[in-house]
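Chemist: Dropping a structure here in structure tokens format, bear with me for questions.
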Amino acid sequence: MLTVLTVPAHAQLATPNDNGITYGHVHLNVSDIEVHKKLWVEWFGGEVVQKGPLTAIRLPNFLIALTEQDPTGPMQGPSARSLWV
């Protein structure tokens, strides 16, 4: 006898919108991971996820992966005007 259990996977993508668009994560290079963890948790209700060297913030239906990295060049205006979540 074969028994099959169906349970949702933890990393399932959000249901696509009317245009068929969905995504699961975004990567951000940041100068201070601790500052960004606090920002995403306190202001947006995220949950910190630590998996080995990867630090991510879990929000409904997607993850924000944080990588600590010094700027690679001089800033001349904002590099990203907005990030819609």
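Be aware that the sequence shown starts at 872, since it is given in this note's numbering, and climbs by one per residue.
Using N, Cα and C, we set each Cβ at its ideal position, and we do this for glycine too.
Here's the rule I'm using: 16 or more other beta-carbon atoms within 10 Å means buried, otherwise exposed. How should Gly-917 be labelled?
Modeler: Counting Cβ neighbours within 10 Å, Gly-917 comes out buried, since at least 16 surround it.
Chemist: Look up Ile-928 in the DSSP assignment and say whether it is helix, strand or coil.
Modeler: Three-state DSSP puts Ile-928 in a strand.
Chemist: Apart from the five residues just before and just after Thr-926, which ones in its own chain have a Cβ nearer than 6 Å to its Cβ?
Modeler: Here the set comprises Ile-904 and Leu-937.
Chemist: Closest by CA to Phe-915, which one among Gly-944, Leu-930 and Ile-892?
Modeler: Answer by Cα proximity: Leu-930.
Chemist: By the three-class DSSP mapping on this structure, what secondary structure does Ile-935 have?
Modeler: Strand, per DSSP.
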